[in-house]
Amino acid sequence: MQAFSEFFLQNQDMIFLVVLAIFLGTEVIKNVPALLHTPLMSGSNAVSGVVIMGSIIVVGHARPDDTLALVLGFLAVVLGTLNVVGGFAVTGRMLSMFKKRK
Amino acid sequence: MSEFLLELFYIVGCVTFIIGLRKLSSPDSARQGNNIAAAGMTLAILGTILFHKNEAGEGIGNLAWIVGGLVVGSAIGYVMATRVKMTAMPQMVSFFNGTGGATSAIIACMEFFSSDSTDWGFLLVAYLGIVVGTVTFSGSMVAYGKLDDKIKDVSGRLMTYLNWLMLAVILVLMTMGILSPETLGANGGWILLGLSFLYGIFFVMPIGGADMPVVIALLNSLSGIAGAFGGLIYSNRIMLIGGILVGASGLILTALMCKAMNRSLMNVLIGGFGGGSAGSAKASGEQSYREVTLNDAAIMCAYASKVCIVPGYGLAVAQAQHVCHDFEKSLEKKGVEVYYAIHPVAGRMPGHMNVLLAEADVPYPKLVEMDDANPQMPNTDVVIIVGANDVVNPAAEDDPGSPIYGMPVIKVWEAKSVIVMKRSMRPGYAGIENPLFFHERAKMLFGDAKDTLSKLVGELKNL
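Line by line, the protein sequences are chains A and B.
Numbering follows numbering that gives the first Met the number 0, in which position 47 of the first sequence is assigned residue number 46; successive positions increment by one, without gaps.
Numbering follows numbering that gives the first Met the number 0, in which position 459 of the second sequence is assigned residue number 458; successive positions increment by one, without gaps.
Next up, the structure:
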């Protein structure tokens, strides 16, 4: 219990963020109509590409002679960018098709 | 100063994500929302490169590697996104989802293997990042292969037990690794990585085509959760918030899809329709169906005042969305009111039918959700079913013996007459009998959906 309460107090900002973000996400997404469920998925998918920040940080602070870290990090950057760019582009393409009237 | 600027960029990024998702609540503002979120993401990436400092106060180095990765990733992502056919959208979404999962898994691995920390908070987050990221990656890639018809369904009781076993071992290993980091050491990380990879494959493998919307939504959620763990590793708020938003949205979608099939998530994941192969005893007796000729079908539609089209996965398979729109337009020229009734799980991913029909230029106010379509059925003259089966099965309403009993369906049999377009009398997914085909108001029109629809358009012209 002690370990847990210490952990909670040390990370309380993060824990608050997580809890609030869960509620915020739920509230925001509840209003999305079934019509747009596919763009919602691919758009939120692009947002999940936010992990690319982590891959930039990993590569950016790797030692220049640590080839393994650089190569793996590079791979992570490529995959993350694929997720972000592909996700937003495909969502944009889909959304441009939804028209009220021609 | 640079830390301040970084956090400033991040908070703007977080706000754009929320605005972007909010604007998705209406088709009119959704595109703008997508652009805003994309701009926010770009800003956050730039901010990270320009202003991020490690504990020693050093900025981001190895710029060639980073910029190179960004350029390569952007080029491939952009080309894939612009070339993909709308019918292949479920595969594409799974694929991008998988790459996001892989990114999370790689960074969690790199942090885990390069650190000798025994802090249980760090270990917990790193292990979870590895497991969830890897499962997202391998699961999404299997989903991609299945949707693209590269991988067949494999299922069986043994697989279910194997999945439970793997999940249990993963949980036990994680607990061990956190409680006594020395015993497992780096090996624990490797074993977890391998097991998660296998688990991702095995948990998606047995899931049937019609259950795909649930799995894709779930994997979508997992990719967000994996990103959030990455955020915890780096105490990076934008990763955390972005990841949680996606995790929450994916979970809501998953719940919606499960509700639309009247099944629990557990039931979908275990695979198959329970002991569904027996199907309904009642429906399997000798029954007769009626066929309708193209000409009669065209006449029925042309002289109706209200026609409803119910699309299903068959429409996507036959690539019939454009000719379907032509058919709808020819009917409207004759003064017939036409609308589409769309079941939440029709197709292979949430909202699949809407995207296909939007691609064919069907104006979206014509795309009516199931709950709004059902009350209109009694005053609809003709319902045309194009490649849908289980979502219009009356057994879901009145046959407690049917495996899909209780699933909400589009009540097409309440309309004055129903035309079912189908390749043959073969039952659909999981071999569930559909009493609709033998219903007194239903008539069958056999053939390929695209072919039949274009012939109907021709018939309508001649009327």
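The C-beta atom is built at its ideal place from N, Cα and C for all residues, glycine as well.
Computed from a predicted model, the values in this text were never measured in an experiment.
message = Quick test of your reading: P402 (chain B) and R100 (chain A), contact by CB under 8 Å. State the CB separation rounded to the nearest angstrom.
response = Here residue 402 (chain B) refers to the residue found at position 403 of the second sequence. Here residue 100 (chain A) refers to the residue found at position 101 of the first sequence. In fact, because the Cβ distance is near 42 Å, the residues do not count as touching under 8 Å.
request  = Compute the beta-carbon to beta-carbon distance between G208 (chain B) and L81 (chain A), rounded to the nearest angstrom, for a pair I have assumed lies under 8 Å.
outcome  = Within the second sequence, numbered from 1, the residue matching residue 208 (chain B) stands at position 209. Within the first sequence, numbered from 1, the residue matching residue 81 (chain A) stands at position 82. Not quite, the Cβ-Cβ distance comes to about 26 Å (not below 8 Å), so this is no contact.
key: Integer-rounded CB distance, given that A319 (chain B) should sit under 8 Å from F97 (chain A)   = Translated into positions along the first sequence, residue 97 (chain A) becomes position 98. Translated into positions along the second sequence, residue 319 (chain B) becomes position 320. That pair is no contact at about 19 Å.
message = Restricting to Cα atoms, I'd like to know which of B:N186, B:A216, B:L62 and B:M299 is closest to L459 (chain B).
response = Within the second sequence, numbered from 1, the residue matching residue 459 (chain B) stands at position 460. Closest option to L459 (chain B), Cα to Cα, is B:M299.
Beta-bridge pairing of Y338 (chain B) - partner residues as DSSP gives them = Residue 338 (chain B) sits at position 339 when you count from the first residue of the second sequence. In the DSSP output, where bridge partners are listed per residue, Y338 (chain B) has B:C307.
query = Should G100 (chain B) and A225 (chain B) be called a contact, given that it needs their Cβ atoms to be closer than 8 Å?
reply = As a working note, residue 100 (chain B) is residue 101 in the second sequence. As a working note, residue 225 (chain B) is residue 226 in the second sequence. The answer is yes: Cβ separation under 8 Å.
request  = Could you confirm whether any beta carbon from chain A is found closer than 8 Å to the beta carbon of P407 (chain B)?
outcome  = On the second sequence, residue 407 (chain B) is found 408 positions in, with the first residue counted as 1. P407 (chain B) does not count as touching chain A.
ask   = Below 8 Å, can you find three or more Cβ-Cβ pairs linking the region 84 to 102 of chain B to the region 186 to 198 of chain B?
value = no
request  = Hey, could you find the ends of the beta strand (DSSP E) S416 (chain B) is sitting in?
outcome  = Taking the first residue of the second sequence as position 1, residue 416 (chain B) is located at position 417. It spans S416 to K421 - the beta strand (DSSP E) in which S416 (chain B) sits, taken as one unbroken run.
Nearest residue (CA-CA) to A38 (chain B), options B:M158, B:I18, B:I269 and B:Y233 = Taking the second sequence and counting its residues from 1, one reaches residue 38 (chain B) at position 39. Out of B:M158, B:I18, B:I269 and B:Y233, B:I18 has the C-alpha closest to the C-alpha of A38 (chain B).
key: DSSP beta-bridge partners of E181 (chain B)   = Along the second sequence, one-based indexing puts residue 181 (chain B) at 182. BP columns for E181 (chain B) are empty, so no partner.
ask   = So M238 (chain B) packs on G229 (chain B), CB below 8 Å; how close in whole Å?
value = One-based indexing of the second sequence puts residue 238 (chain B) at position 239. One-based indexing of the second sequence puts residue 229 (chain B) at position 230. With 8 Å as the limit, M238 (chain B) and G229 (chain B) qualify as a contact, their Cβ atoms being about 5 Å apart.
request  = Could you tell me whether the Cβ atoms of N392 (chain B) and N433 (chain B) are closer together than 8 Å?
outcome  = Sequence index remark: in the second sequence, residue 392 (chain B) carries index 393 (1-based). Sequence index remark: in the second sequence, residue 433 (chain B) carries index 434 (1-based). Yes; because the gap between Cβ atoms is below 8 Å, this pair is in contact.
task = Return the bridge partner residues of E368 (chain B) from the DSSP annotation.
result = Position 369 of the second sequence, counted from the start, is the residue given in the question as residue 368 (chain B). Note: E368 (chain B) sits in a beta bridge opposite B:I341.
Touching by the beta-carbon criterion (3+ pairs, under 8 Å), the region 173 to 181 of chain B and the region 133 to 140 of chain B = no
message = With H, G and I counted as helix, E and B as strand and the rest as coil, what does DSSP make of L330 (chain B)?
response = Here residue 330 (chain B) refers to the residue found at position 331 when the second sequence is read from its first residue. Three-state result, L330 (chain B): helix.
key: Other residues of its chain near E110 (chain B): CB distance less than 7 Å, five sequence neighbours each side excluded   = On the second sequence, position 111 is the one that residue 110 (chain B) refers to. Answer for E110 (chain B): A125 and I232, listed in chain order.
task = Decide yes or no for the touch test of the region 12 to 20 of chain A against the region 55 to 70 of chain B: beta carbon pairs closer than 8 Å, at least 3 of them.
result = no
Cut-off 8 Å between Cβ atoms - residues of its own chain near D464 (chain B), not counting five sequence neighbours on either side = This structure leaves residue 464 (chain B) out entirely; chain B is present only between 0 and 462.
L94 (chain A), enclosing alpha helix (DSSP H) - first and last residue = Within the first sequence, numbered from 1, the residue matching residue 94 (chain A) stands at position 95. Note, L94 (chain A): alpha helix (DSSP H), T66 to L94.
task = Please classify L42 (chain B): does DSSP put it in a helix, a strand, or coil?
result = Along the second sequence, read from residue 1 onward, the residue named residue 42 (chain B) stands at position 43. If DSSP states are grouped into helix, strand and coil, L42 (chain B) belongs with the helices.
task = List the whole-angstrom C-beta distance separating L191 (chain B) from I129 (chain B), where the pair is believed to meet the contact cut-off of C-beta under 8 Å.
result = Here residue 191 (chain B) refers to the residue found at position 192 of the second sequence. Here residue 129 (chain B) refers to the residue found at position 130 of the second sequence. Between I129 (chain B) and L191 (chain B) the Cβ distance is about 6 Å, and since that is below 8 Å, they are a contact.
inquiry  = Counting only beta-carbon separations shorter than 8 Å, does G184 (chain B) have a partner in chain A?
reply    = Mapped onto the second sequence, residue 184 (chain B) falls at position 185. G184 (chain B) does not count as touching chain A.
ask   = Across which residues does DSSP place V381 (chain B) in a beta bridge pair?
value = Along the second sequence, one-based indexing puts residue 381 (chain B) at 382. Answer by DSSP bridge pairing, in chain order: B:V306 and B:S416.
key: Cut-off 8 Å between Cβ atoms - residues of its own chain near P26 (chain B), not counting five sequence neighbours on either side   = Along the second sequence, read from residue 1 onward, the residue named residue 26 (chain B) stands at position 27. Within the same chain, P26 (chain B) has close Cβ partners Y363.
Beta carbon of V291 (chain B) nearer than 8 Å to that of M443 (chain B) = For the purposes of this step, residue 291 (chain B) is taken as residue 292 along the second sequence, with counting starting at 1. For the purposes of this step, residue 443 (chain B) is taken as residue 444 along the second sequence, with counting starting at 1. For V291 (chain B) and M443 (chain B), yes; Cβs fall inside 8 Å.
query = So which residues on chain B does T66 (chain A) lean against when the C-beta distance must stay under 7 Å?
reply = Here residue 66 (chain A) corresponds to residue number 67 of the first sequence, with the count starting at 1. Under the 7 Å cutoff, chain B gives no residues; its nearest Cβ is about 10 Å from T66 (chain A).
inquiry  = I need the DSSP call for K52 (chain B), collapsed to helix, strand or coil.
reply    = For this step, residue 52 (chain B) is matched to residue 53 along the second sequence. Here K52 (chain B) sits in coil by DSSP.
message = Taking the straight line between their C-alpha atoms, what separation do you get for L255 (chain B) and S263 (chain B)?
response = Within the second sequence, residue 255 (chain B) is the residue found at index 256, counting from 1. Within the second sequence, residue 263 (chain B) is the residue found at index 264, counting from 1. Roughly 11 Å between the two C-alpha positions.
request  = Kindly list, in the order they appear in chain A, the residues whose Cβ is closer than 9 Å to that of G72 (chain B).
outcome  = Position 73 of the second sequence, counting from 1, holds the residue named residue 72 (chain B). Simply I51, V76, V77, L78, G79, T80, L81, N82, V83, V84 and G85.
message = Distance check for T98 (chain B) and H51 (chain B), CA to CA, integer angstroms please.
response = Within the second sequence, numbered from 1, the residue matching residue 51 (chain B) stands at position 52. Within the second sequence, numbered from 1, the residue matching residue 98 (chain B) stands at position 99. If you take the alpha carbons of H51 (chain B) and T98 (chain B), they lie about 24 Å apart.
request  = Output, in chain order, the set of chain B residues within a Cβ distance shorter than 9 Å of M40 (chain A).
outcome  = Locating residue 40 (chain A) in the first sequence gives position 41, where the first residue counts as 1. V92, N96, I215, A216, N219, S248, G249, L252, M348, P349 and G350, listed in chain order.
task = Would you identify the three-state DSSP class for L20 (chain B), choosing helix, strand or coil?
result = As a first step, residue 20 (chain B) must be located in the second sequence, where it is residue number 21. It is helical.
query = What's the call for M424 (chain B), buried or exposed, on a 16-neighbour Cβ count within 10 Å?
reply = Taking the second sequence and counting its residues from 1, one reaches residue 424 (chain B) at position 425. Exposed, because fewer than 16 other Cβ atoms sit within 10 Å of the Cβ of M424 (chain B).
query = Which two residues bound the contiguous beta strand (DSSP E) that contains K84 (chain B)?
reply = Start at 1 with the first residue of the second sequence, and residue 84 (chain B) comes out as number 85. Unbroken run through K84 (chain B): none, as it is neither H nor E.
message = Just checking: is the beta-carbon of D450 (chain B) within a distance shorter than 8 Å of some beta-carbon in chain A?
response = As a working mapping, residue 450 (chain B) is identified with position 451 in the second sequence. False, the Cβ-Cβ gap to chain A never drops below 8 Å.
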